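Everything below concerns the one structure shown next.
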Amino acid sequence: MIAGVIVDVPAFGTDKTFDYRIPEHLEETIEVGMRVVVPFGPRKLTGFVIGLKETSDLKRLKKIEDIVDPSPVLNQELIGLGKWIANSTLCFLHSAYQSMLPAAMKMNYSKRIYSINEAIELPDLPEQIRIQLDSDKGLDWAEAQKSGKHIVRSIQSAIHNGNLEVKYEIRSKGKKKRHKVVMVNIPTMELNAIYDDISRKAPKQAEVIRYFIGNNETKIPTQKLMDETESSRATIKSLIDKQILLETEEEIYRDPYKDRQFERTVSLTLTEEQKESIKPILSDIENNQHETFLIHGVTGSGKTEIYLQSIEAVIQKGKEAIMLVPEISLTPQMVHRFKGRFGSEVAVLHSGLSVGEKYDEWRKIQRKEAKVVVGARSAIFAPFQNIGIIIIDEEHESSYKQEENPRYHARDIAIERGRFHQCPVVLGSATPTLESYARAKKGVYTLCTLHERVNQKALPTAEVVDMREELRSGNRSLFSTALFDRLKDRVDKGEQSVLLLNRRGYSTFVNCRDCGYVAQCPHCDISLTYHKRSNQLKCHYCGFEDKQPTECPECTSEHIRFFGTGTQKVEEELNKLMPEASVIRMDVDTTSRKGMHEKLLNAFAEQKADILLGTQMIAKGLDFPNVTLVGVLAADSMLHLPDFRSAERTFQLLTQVGGRAGRHILSGEVVIQTYTPEHYSIQLAQQHDFLTFYDKEMLMRKLHQYPPFYFLTLVTISHEELMYVVDVCEKITEVLKEGLSEQAVILGPVASPIPRVKDRYRYQCVIKYKNEPTLKNILNEILAHYQKRMQQDQLTINIDMHPQTIL
DNA sequence: AGCACGCCGACT
DNA sequence: GTCGGCGTGCTC
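Once you know that position 765 of the first sequence is 765 in the UniProt record's numbering, the rest is easy, because the numbers rise by one and skip nothing.
Structure, rendered in structure tokens:
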């Protein structure tokens, strides 16, 4: 038998199947979807078996060396899906497959050098190197290259002469967690006899034996046995030595939710509206029919209950369910609802888990120990065999698009998988993307609308405050009178508030009053942000940090001022103006440590603070009963970005954040501070009027030829040399203009909105089109043409077939 | 991506 | 003449 293998070399020349002969002893073992170790040129690599066949076009085939996994990691569906992803996003096949698996399954390769015979003299090599060569671990080749050319050369010639040996080693990044278990190694009837025999000479050991007599289990984790019988390692060991007990290793799962209890919940009674919406979904589940639904429901309209009951129907049919959420670590509440309803059948996959934990959750799915997966974007690749429903909550969230290769959108994958499994795909949002809503209106998706909130409460009234007016009336603070008074009122009443500001740090730029100098990142074309806690200037793009200068580096003036407001400054202001209020600040700076997210959110949920202040990470899915005020400090922060989606994003953020207040018994208020109160996205968010916003924004998109009227493709070129980038970008634009039809609109070459990041200049070219069947071919030719320069000159060409943003 | 092969300039 | 630089092409 011959296996078609996709090898782990994501590069142009190797982006195809390589045929290998399956050796006899593996003939029965190797299956499609497994990873195998193969010789590739002089080295050793892993690859995915994506097909089996009897014959090959090539005569001389190498043999598969070994298997990596005991069972396939990809099923036929996922193998096909990978091809589809590679083709539709222009990525390498191997990258597509790798991205379907947890990070722990990435392979690490190393080349190691060993002495063949310690007696061989290698006088050119220093003592230390020779010791390493003689050791069991050998000498790491990558490490060796750091120790100088002469040494590298001597080693190479020694290899040539056969005095040193090269081994290619492959390791998995993550390991399965194991623990030791002991079991009784003799017939249980004999235990009593043994007990009698040793009880006097070895009372401790007898104690252990008695444990097995008293309990029916014959297998127990060693640690647990030691705890239960208060025995030591030595005691157990002597029993093992006597072959009364047998110790083996067993794989275990790391369970991130191990210590938590989830109260079982039952289905709630649905409202008439919910019933109407769920009916066609249930009918599709029943009839194994694929259809994409868009549930447009205001916040609090009970979308989650629809998801839960649909999943319940799926499980009852013996099928599996995938539920995507934007970023679940932000919503422990969602995990609770799912674990509460479905118990241990739920696997959870999100970025808050460690690599190992994600690996374990993934294996739980693969071994069919989970029926439901709740997770972020990559959970869309859950290795289920029999999917009954795929749900994407908050479908407008930008995190569903992967911003690195393969640049897929989870929504597209969901629909592709839904079609394969003939099951419904449900998209839900209070503020759907224009693309999805347009498709729903056209009948491509089935639209379900939920107008009412389950608790019948009206959506909180939003007040838009014109900050220009505030300024005119002499209020120069960050807070409008309206917001400040309400904040104070909530603090006095013991109710909670949420404040949103989409900028972290203290001030957004640092400026010299005398000469106009603005502190800029030396590596990026962006001004540095002042962080007060560390008294540092930071670049939010490359991480560059610098001491805050006490005098202007240009003119030595001491009149250095801070402009723009970040979350740190707001926190400081709050402490000054309202010392009695306690504030929790949540942004990248306070949540970068693992578990901090949840910690801060829990603290706020337990009402340990009056005010939760944060960047947009606080806008998603939070649900605190005691929050009665939501303030948006700078609603226009996103509005004026040069991106076609900025109005949509603003509308979504304001609507989402507004829905956070007054979800429970208390009713809520929303205050939106802005310098452009007349803008439609702010006005319509205030009125919770998605439909008017949709109509208005659709007109704008049509006028400016953006999605959903046109498709978009973004080509970004970057390199350290500006002229090189411009040159390549010009040529690419040229080729595109030549190859595409008259209808295609090609914008560029232009500098990217941030023209330089990490010392690399960025130029881009945007293609707007309706129907260009040759586009992918042309782009592939472009990539092929620049392939050499991309690996040699550190030129990068990024192609995003459907960019969510062109920033 | 690695790695070998092969072609050209600088040196023993 | 050989060593060592790097450009070119292949890997089942």
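Cβ atoms here follow ideal geometry from the backbone N, Cα and C, with glycine treated the same way. Please read all numbers here as calculations on a predicted model, not as lab measurements.
Under DSSP, the alpha helix (DSSP H) around asparagine 575 begins and ends at which residues? 567-577
Limits of the unbroken alpha helix (DSSP H) element including threonine 591: 588-591
So phenylalanine 544 is in the alpha helix (DSSP H); what residue range does that whole segment cover? No alpha helix (DSSP H) holds phenylalanine 544; DSSP gives it neither H nor E.
DSSP three-state assignment for histidine 719, whether helix, strand or coil: strand
Cα-Cα separation between glycine 80 and histidine 25, rounded to whole angstroms: 28 Å
DSSP three-state label for asparagine 511, please. strand
What residue does the beta strand (DSSP E) around arginine 760 start on, and which one ends it? 760-769
Less than 8 Å between the CB atoms is what I'm expecting for glutamate 320 and phenylalanine 384, so what's the real figure, rounded? 4 Å
Contact the segment 742-752 vs the segment 763-773: 3+ CB pairs below 8 Å: yes
Alanine 234, buried or exposed, once every other Cβ within 10 Å from all chains shown has been counted against 16: exposed
Along the beta strand (DSSP E) that carries lysine 219, what are the first and last residues, could you check? 219-221
As assigned by DSSP and simplified to three states, the class of alanine 751: strand
Quick test of the definition: if touching needs 3 or more C-beta pairs under 8 Å, does the segment 610-621 touch the segment 496-513? yes
Closest to glutamine 607 by CA distance: which of Asn626, Thr590, Met596 and Ser592 is it? Asn626
To the nearest angstrom, how far is it from the Cα of valine 73 to the Cα of glutamine 366? 8 Å
Need the endpoints of the beta strand (DSSP E) that asparagine 288 sits in, please. No beta strand (DSSP E) holds asparagine 288; DSSP gives it neither H nor E.
How close, in whole Å, do the beta carbons of phenylalanine 651 and leucine 601 come, if the pair is a contact with beta carbons under 8 Å? 25 Å between Cβ atoms; not a contact.
Contacting residues, own chain, Cβ-Cβ under 7 Å from glutamate 772 (five flanking each side not counted): Leu740, Ser741 and Ala744
Put alanine 462 into one of helix, strand or coil per three-state DSSP. strand
Using DSSP's beta-bridge definition, name the partner residues of valine 7. Gly47
Burial state of glutamate 357 (16 or more Cβ within 10 Å): buried
When DSSP labels each residue in this structure, what does valine 583 get in the three-state scheme? strand
Can we say the segment 99-116 touches the segment 162-182, given the rule of at least three CB pairs closer than 8 Å? yes
Please classify glutamate 416 as buried or exposed, where buried requires at least 16 neighbouring CB atoms within 10 angstroms. buried
Roughly how many whole angstroms lie between the Cα atoms of lysine 731 and glutamine 804? 25 Å
Which first and last residues belong to the beta strand (DSSP E) in which alanine 347 is found? 346-349
Valine 37 and valine 5: beta carbons closer than 8 Å? no
Can you name, in chain order, every residue of its own chain whose Cβ lies under 7 Å from the Cβ of glycine 388, other than the five neighbours on each side? Ile285, Val314, Lys317, Lys319, Glu320, Ala321 and Cys423
Isoleucine 778 to aspartate 393, Cα distance in whole Å? 36 Å
Beta bridge counterpart(s) of aspartate 393 as assigned by DSSP: Gly428
Taking the straight line between their C-alpha atoms, what separation do you get for phenylalanine 293 and glutamate 397? 17 Å
Quick check on the burial criterion: 16 or more other C-beta atoms within 10 angstroms. Buried or exposed for glutamine 673? buried
Is the closest heavy atom of the ligand FAD to the C-beta of lysine 371 under 7 Å? The ligand content of the structure shown is nil, which means the ligand FAD is not present either.
What does the Cβ neighbour count give for glycine 138, buried or exposed, with the cut at 16 atoms within 10 Å? buried
C-alpha gap between leucine 434 and valine 444, whole angstroms: 13 Å
In angstroms, rounded to a whole number, what distance separates the CA positions of lysine 339 and histidine 451? 28 Å
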